[in-house]
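Visitor: Have a look at the structure that comes next, please.
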Amino acid sequence: AIEAAFAQVLLLARETGLLRLGVVSINGTKIDADASKYRSVRYDRIRALREQLAVDIAKLMDQPEHADATDRDPQALPEELARRETLKAKLDEACARLEADAKAQAEAARPAYEKKKAAYDAKTGRRGRAPKPPDDEPPPDRQTSLTGPDSRLMRRSDAHEFRQAYNAQAIVCAEGSQLIVTTGVVATSA
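The UniProt record's numbering numbers the first residue of the sequence shown as 1 and each following residue consecutively.
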């Protein structure tokens with residue numbers, strides 16, 4: 001609803017002559033995420049934790065049934081099992097998100113790779129290394145946050161510290177009207 005109203009205001013400004021697109025200015029700011037930078041996990045660590053949690057859950061499920069006799073609610077999961085199941089679900093989601101991002105990046109890079117590969121194959125007297133195909137797997141050091149999956153670890157420009165943040169951008173018409181043309185939140189720090 002807000003986007004539709006925003007578009008209508010811009011159309012009205014264009015009709016009345018207030019908005020003339022030509023020179024635009026882009027400005028951005030980092031907005032702290034409601035996520036801790038200490039809850040960011042590397043891809044290789046996610047895979048190791050998932051394996052460990054699978055082992056822990058299997059051990060908890062194999063515990064003797066006499067433990068069930070002392071439970072007040074036989075239908076409820078024990079607290080430590082429920083906590084591990086929840087964490088495993090978050091890790092599965094984070095792993096799937098990282099793998100989907102890596103696959104999308106590889107698909108986007110594939111045309112450039114094909115072009116480089118064709119140029120390399122057409123060259124006679126091969127010199128240099130052949131181009132590497134884009135990798136569908138995320139690198140082991142790729143990180144994601146479990147508490148704020150869309151946020152990224154970004155450096156603050158005024159200090160030498162890193163924060164879990166979003167990068168909000170605004171594009172403004174610079175030729176007199178100073179109307180905001182569009183806004184967005186991007187996952188890159190620059």
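By construction, the Cβ of each residue, glycine as well, lies at the ideal position given by its N, Cα and C atoms. Quick caveat: nothing in here was measured; it's all calculated off a predicted structure.
Taking only runs of the beta strand (DSSP E) that begin and end inside the segment 159-183, which ones reach a length of at least 3 residues, in chain order?
Guide: 162-173, all fully within the segment 159-183.
Visitor: Note the first and the last residue of the continuous beta strand (DSSP E) segment covering residue 62.
Guide: Counting along the chain, residue 62 falls outside any beta strand (DSSP E), and DSSP gives it neither H nor E.
Visitor: Name the residue from 118, 18, 121, 112 whose alpha carbon lies nearest to the alpha carbon of residue 174.
Guide: The shortest Cα separation from residue 174 among 118, 18, 121, 112 belongs to 18.
Visitor: Which partner residues does residue 143 have in the DSSP bridge list?
Guide: Bridge partners of residue 143: 42.
Visitor: Would you tell me roughly how many angstroms separate the C-alpha atoms of residue 13 and residue 178, rounded to the nearest one?
Guide: Spanning the two alpha carbons is a distance of roughly 11 Å.
Visitor: State the CB to CB distance for the pair residue 80 and residue 60, rounded to an integer number of angstroms; the pair is presumed to be in contact (CB under 8 Å).
Guide: Their Cβ separation, rounded to whole angstroms, is 7 Å, which keeps residue 80 and residue 60 in contact under 8 Å.
Visitor: Taking only three categories from DSSP, how would you classify residue 123?
Guide: DSSP places residue 123 in coil when its eight states are reduced to three.
Visitor: So, with DSSP's three-state summary, where would you put residue 185?
Guide: It is a strand residue.
Visitor: Which of the three DSSP states is assigned to residue 155 in this structure?
Guide: Of the three classes helix, strand and coil, the one that applies to residue 155 here is strand, per DSSP.
Visitor: Using only CA atoms, which one of 166, 120, 183 lies nearest to residue 189?
Guide: Of 166, 120, 183, the residue nearest in Cα terms is 166.
Visitor: Just tell me which of 39, 23, 34 has its CA closest to the CA of residue 145.
Guide: With distances taken between Cα atoms, residue 145 lies closest to 39.
Visitor: Among 182, 15, 43, 32, which residue has its Cα nearest to the Cα of residue 99?
Guide: Measuring from the Cα of residue 99, the nearest candidate turns out to be 43.
Visitor: By a C-beta neighbour count over all protein chains shown, 10 Å radius and 16 as the cutoff for buried, is residue 123 buried or exposed?
Guide: So residue 123 counts as exposed.
Visitor: At what residues does the alpha helix (DSSP H) containing residue 9 begin and finish?
Guide: Residue 9 -> alpha helix (DSSP H) spans 2-16.
Visitor: How far does the beta strand (DSSP E) with residue 30 in it reach, from first residue to last?
Guide: Start and end: 24-32.
Visitor: Among 95, 7, 85, 34, which has the Cα closest to the Cα of residue 47?
Guide: The option with the nearest alpha carbon to residue 47 is 95.
Visitor: Just mark residue 84 as buried or exposed, buried being the case when its beta carbon has 16 or more other beta carbons within 10 Å.
Guide: Buried.
Visitor: Can you list, in chain order, the residues of its chain with a C-beta nearer than 6 Å to that of residue 187? Leave out the 5 residues immediately preceding and following it.
Guide: 152.
Visitor: Cutting at 6 Å between CB atoms, please list the residues of its own chain near residue 185, excluding the five before and the five after it.
Guide: Once the five neighbours on either side are set aside, the close Cβ partners of residue 185 are 166, 168.
Visitor: What does the Cβ neighbour count give for residue 7, buried or exposed, with the cut at 16 atoms within 10 Å?
Guide: Exposed, because fewer than 16 other Cβ atoms sit within 10 Å of the Cβ of residue 7.
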